[in-house]
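A.B. asks: The opening position of the sequence shown corresponds to residue 9 in our numbering, with each subsequent residue numbered one higher.
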Amino acid sequence: MKKGLITSILALTFTGLQAQPLPATPKLVVTLTIDQLRTDYMEAFSSLYGEKGFKRLMREGKVFRQAEFPFNGTDRASAIAAIYTGSTPSLNGIIAGNWLDINTLRPVSCVDDPNFMGNYTDENSSPSQLLTSTIADELKIATRNKGLVYAIAPFRDAAIFGAGHAGNGAFWLNQNTGKWCSTTYYSEFPWWLSQYNERKSPDYRIKEMVWTPVHPFTSYTYLPEWRTEPFKYKLDSERINKFRRLITSPFINEEVNLLTEELLNKSTMGQDDVPDLLSLTYYAGNYNHRSIQECAMEMQDTYVRLDRSIASLLDIIDRKIGLHNVLFCITSTGYADAETPDPGIYRIPGGEFYLNRCATLLNMYLMATYGEGQYVEAYYDQQIYLNHKLIENKQLNLAEIQDKSAEFLVQFSGVNEVYSAHRLLLGPWSPQIERTRNSFHRKRSGDLLINVLPGWTIMQENNTDNRVIRTANIPAPLILLGGGIKAETIRIPISVDHIAPTLASVMRIRAPNASTASPLEF
């Protein structure tokens, strides 16, 4: 009797296991990273949407309402690097879109590389400064180069990090000419893209691009609006910066779709049993880098047009490959709030923080303490770089000077916390310090990282691009859609470093080499 019961239990157990096969490996994985997409806006504007875009994603996809980045100071480049590598800047090296080159003391782009020329651009680019493997690289390794990897984005950094080190091609829009461009780092520039540039690129259409609201003026009621008339922008109205304005408008997402369709027509992506990866980037941020207070109606219309672009993309992929053969992964770079300073009428505490003044006073303090010399070599992006050569020549202790400098700077008005490189690398661990450690790379970050209080405005020397510090959490979504994925909404926060190992698991390949997180369950 007992033996029969055990046999029955085992039979039921194994039958249950066999009844839950792993979902089939997709023929194509599409990663759609939407720059500055917000979950709260995505949900709040839903009455303005059609049925085939966001509503379809929310209805049929596995929706994680809150995907968080496990490091501070997130921007587009560091976010996309984290998504594709499953790691943080401390490992992948991408601390920001630009940082100060310690050797030249000049800002450099995260994708600059003088060793490779551009195609349809004078920019020299490669992914060489990305220090770890990406999900795209691992796919190429696993398939012995048979899996195709292409990336299309409005921005150079997004395209290059999406394609990774081993991709077939990365294409982004030249902000000066309106042509799609690339770098000689990747294999030859495709003939079909040269043909597309000569006949169909955005510079041929920008004359007709006029942005007005899709819906009546009275429909846009979700954000406070100070105007009484709908907006109207003719993107070609100014000769200078017209393509830069195109890139910060929702029209750029349709341009990404048009090139995606051309790529699918001219390549064999998704046509065999070897999985391919298509990395796409959209834009959902503020128009022309203005604040949300200045362009509330534009932001709502951006989401309306974004909804239509997503519906169009799903339709293109379905027609070319079939959605049952595709896994979609849609996520965000996080939201960079371009808030204007409080004019004073609301009496919110704050002030103005000047990094250049901090650096000058710190140098005076160090001279008074250690003798004559230029101890502060440079400053950039809330970081201060000390003169290591001078400190070594004077036979001083670098760690001691870093810590003394941090103690001096933390006394300044508007400074919340100052982290020294010594403290981040060798100091005690705490949950609060972990995010800062994750954002710090010992060969690219400064000696001192200054954390400014919320409500304070970081003032630039040229008085442009001043920004107000906000540390309030703004939710960003992660949505998985495809065969074998159960539709549900999950409100528990998840970390974006789970995305790369999840995609790796779906494609039956290794996770990127610096990825330590486990795959998400679905």
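By construction, the Cβ of each residue, glycine as well, lies at the ideal position given by its N, Cα and C atoms.
Quick check on TYR212 - is its C-beta less than 8 Å from some C-beta in chain D?
C.D. replies: Of the protein chains in the structure, only one exists, and it is not chain D.
A.B. asks: Using the three-state DSSP reduction, which class does LEU18 fall into: helix, strand or coil?
C.D. replies: Numbered from its first residue, the sequence shown carries residue 18 at position 10. In this prediction, LEU18 has a pLDDT of 47, which is less than 50 and means its spatial position is unreliable; nothing more can be read from the coordinates.
A.B. asks: Could you name the residues that DSSP lists as bridge partners for LYS240?
C.D. replies: As a first step, residue 240 is located in the sequence shown; it is residue number 232 there, counting from the start. The partner list for LYS240 (beta bridge, DSSP) is empty, contrary to what the question assumes.
A.B. asks: Among ARG73, LEU36, GLY61, which residue has its Cα nearest to the Cα of THR47?
C.D. replies: For the purposes of this step, residue 47 is taken as residue 39 along the sequence shown, with counting starting at 1. The shortest C-alpha separation from THR47 is found at ARG73.
A.B. asks: Could you give the distance in angstroms between the alpha-carbon of LEU417 and the alpha-carbon of VAL423?
C.D. replies: Stepping through the sequence shown from its first residue, residue 417 is reached at position 409. Stepping through the sequence shown from its first residue, residue 423 is reached at position 415. Cα to Cα, the separation comes out at about 8 Å.
A.B. asks: Taking ILE409 as part of the alpha helix (DSSP H), name the residues at either end of that continuous run.
C.D. replies: One-based indexing of the sequence shown puts residue 409 at position 401. It spans 406-417 - the alpha helix (DSSP H) in which ILE409 sits, taken as one unbroken run.
A.B. asks: With a threshold of 16 other CB atoms inside 10 Å of the CB of GLU385, please say whether the residue is buried or exposed.
C.D. replies: For the purposes of this step, residue 385 is taken as the residue at position 377 of the sequence shown. The residue is buried, with at least 16 neighbouring Cβ atoms inside 10 Å.
A.B. asks: At the level of alpha carbons, what is the spacing between SER513 and ARG452?
C.D. replies: For this step, residue 513 is matched to residue 505 along the sequence shown. For this step, residue 452 is matched to residue 444 along the sequence shown. Distance between the alpha carbons of SER513 and ARG452 is about 32 Å.
A.B. asks: Answer yes or no: do PRO531 and PHE225 have a C-beta to C-beta separation smaller than 8 Å?
C.D. replies: Given that the chain is displayed from residue 9 to residue 530, the structure contains no residue 531 and the question cannot be resolved.
A.B. asks: So SER190 is in the beta strand (DSSP E); what residue range does that whole segment cover?
C.D. replies: Here residue 190 is taken as the residue at index 182 of the sequence shown, counted from 1. Judged by DSSP secondary structure, SER190 falls within the beta strand (DSSP E) whose first and last residues are 188-191.
A.B. asks: Tell me the rounded alpha-carbon separation between ASN265 and ALA376.
C.D. replies: By one-based count along the sequence shown, residue 265 stands at place 257. By one-based count along the sequence shown, residue 376 stands at place 368. The alpha-carbon of ASN265 is positioned some 60 Å away from that of ALA376.
A.B. asks: Would you mind reading off the limits of the beta strand (DSSP E) that contains CYS337?
C.D. replies: Taking the sequence shown and counting its residues from 1, one reaches residue 337 at position 329. Start and end: 334-340.
A.B. asks: Per DSSP, which residues does PRO115 bridge with? Please list them.
C.D. replies: Numbered from its first residue, the sequence shown carries residue 115 at position 107. Paired residue(s): LEU108.
A.B. asks: Identify whether TYR128 lies in helix, strand or coil by the three-state DSSP scheme.
C.D. replies: Counting from one through the sequence shown, the residue named residue 128 turns up at place 120. DSSP places TYR128 in coil when its eight states are reduced to three.
A.B. asks: Considering Cα atoms alone, identify which of THR524, GLY342, ALA519 is closest to PHE77.
C.D. replies: Mapped onto the sequence shown, residue 77 falls at position 69. If we check each option's Cα against that of PHE77, GLY342 comes out closest.
A.B. asks: Three or more beta-carbon pairs under 8 Å between the region 269-280 and the region 241-258, yes or no?
C.D. replies: Verdict: no, contact absent.
A.B. asks: Would you call the region 104-113 in contact with the region 472-486, where contact means no fewer than 3 C-beta pairs closer than 8 Å?
C.D. replies: no
A.B. asks: Near SER136, which residues of its chain fall below 6 Å by C-beta distance, leaving aside the five closest residues on each side in sequence?
C.D. replies: Translated into the one-based positions of the sequence shown, residue 136 becomes position 128. These residues qualify, in order along the chain: ASP121.
A.B. asks: Using the three-state DSSP reduction, which class does MET9 fall into: helix, strand or coil?
C.D. replies: Sequence index remark: in the sequence shown, residue 9 carries index 1 (1-based). Here the model assigns MET9 a pLDDT of 47, short of 50, so the residue's position is not dependable and the matter cannot be decided.
A.B. asks: Could you tell me how far apart the beta carbons of THR39 and CYS303 are, in whole angstroms, since I believe they sit closer than 8 Å?
C.D. replies: The count along the sequence shown starts at 1 and reaches residue 39 at position 31. The count along the sequence shown starts at 1 and reaches residue 303 at position 295. THR39 to CYS303, Cβ: 28 Å. No contact.
A.B. asks: Short check: CB of VAL426 to CB of ASN405, under 8 Å?
C.D. replies: Position 418 of the sequence shown, counted from the start, is the residue given in the question as residue 426. Position 397 of the sequence shown, counted from the start, is the residue given in the question as residue 405. It is not a contact, given that the beta carbons lie outside the stated cut-off.
A.B. asks: Hey, would you say GLY58 sits closer than 8 Å to ARG253, going by beta carbons?
C.D. replies: Within the sequence shown, numbered from 1, the residue matching residue 58 stands at position 50. Within the sequence shown, numbered from 1, the residue matching residue 253 stands at position 245. Not a contact, by the Cβ cut-off of 8 Å.
A.B. asks: In its own chain, which residues sit with a C-beta less than 7 Å from the C-beta of TRP200, not counting the 5 before and 5 after it?
C.D. replies: Residue mapping note: residue 200 aligns to position 192 of the sequence shown, counting from 1. Once the five neighbours on either side are set aside, the close Cβ partners of TRP200 are GLU270, LYS274.
A.B. asks: So within the region 493-527, which uninterrupted alpha helix (DSSP H) runs reach at least 4 residues, ignoring any that extend past its ends?
C.D. replies: 507-515
A.B. asks: Pick helix, strand or coil for PHE72, following the three-state DSSP scheme.
C.D. replies: Translated into positions along the sequence shown, residue 72 becomes position 64. Strand, per DSSP.
A.B. asks: Are the region 516-526 and the region 89-102 touching, with three or more C-beta to C-beta distances below 8 Å?
C.D. replies: With the cut-off at 8 Å, the region 516-526 and the region 89-102 touch.
A.B. asks: Thinking C-alpha only, which one of ASN296, GLU400, SER320, LEU138 is nearest GLU263?
C.D. replies: Within the sequence shown, the letter at position 255 stands for residue 263. Selected option, being the one with the closest Cα: SER320.
A.B. asks: Taking contact to mean 3 or more Cβ pairs, one atom from each stretch, closer than 8 Å, check whether the region 429-441 and the region 483-501 are in contact.
C.D. replies: No contact exists between the region 429-441 and the region 483-501.
A.B. asks: So ARG164 and VAL119 are supposed to be a Cβ contact under 8 Å. How far apart are they, rounded?
C.D. replies: Walking along the sequence shown from the start, residue 164 turns up at place 156. Walking along the sequence shown from the start, residue 119 turns up at place 111. Confirmed, about 6 Å.
A.B. asks: Candidates GLY69, GLN403, ASN106, VAL71: which alpha carbon is nearest ASP531's?
C.D. replies: A query on residue 531 cannot be resolved here, the shown segment of the chain reaching from 9 to 530 and no further.
A.B. asks: Return the chain-ordered list of same chain residues with a C-beta closer than 8 Å to the C-beta of GLY126, the five sequence neighbours on each side being excluded.
C.D. replies: Position 118 of the sequence shown, counting from 1, holds the residue named residue 126. For GLY126, where only same-chain residues beyond five positions count, the Cβ hits under 8 Å are ASN132, SER133, CYS189, SER190, THR191, THR192.
A.B. asks: If you draw a straight line from the alpha carbon of LEU528 to that of ARG499, how long is it in whole angstroms?
C.D. replies: As a working note, residue 528 is residue 520 in the sequence shown. As a working note, residue 499 is residue 491 in the sequence shown. Answer to the nearest angstrom: the Cα atoms are 14 Å apart.
A.B. asks: Quick check: the region 146-158 against the region 284-292, are at least 3 beta-carbon pairs closer than 8 Å?
C.D. replies: Judged by Cβ distances under 8 Å, the region 284-292 makes contact with the region 146-158, as three or more pairs qualify.
A.B. asks: Any idea what DSSP makes of ARG152, helix, strand or coil?
C.D. replies: Position 144 of the sequence shown, counted from the start, is the residue given in the question as residue 152. In this structure, ARG152 counts as coil in the three-state DSSP scheme.
A.B. asks: Go ahead and pull the three-state DSSP assignment for PHE530.
C.D. replies: The residue you call residue 530 lines up with position 522 of the sequence shown. Reduced to three states, the DSSP call for PHE530 is coil.
A.B. asks: I need the straight-line Cα distance from TYR295 to ASN249, nearest angstrom please.
C.D. replies: Walking along the sequence shown from the start, residue 295 turns up at place 287. Walking along the sequence shown from the start, residue 249 turns up at place 241. Near 13 Å, if we compare the C-alpha coordinates of ASN249 and TYR295.
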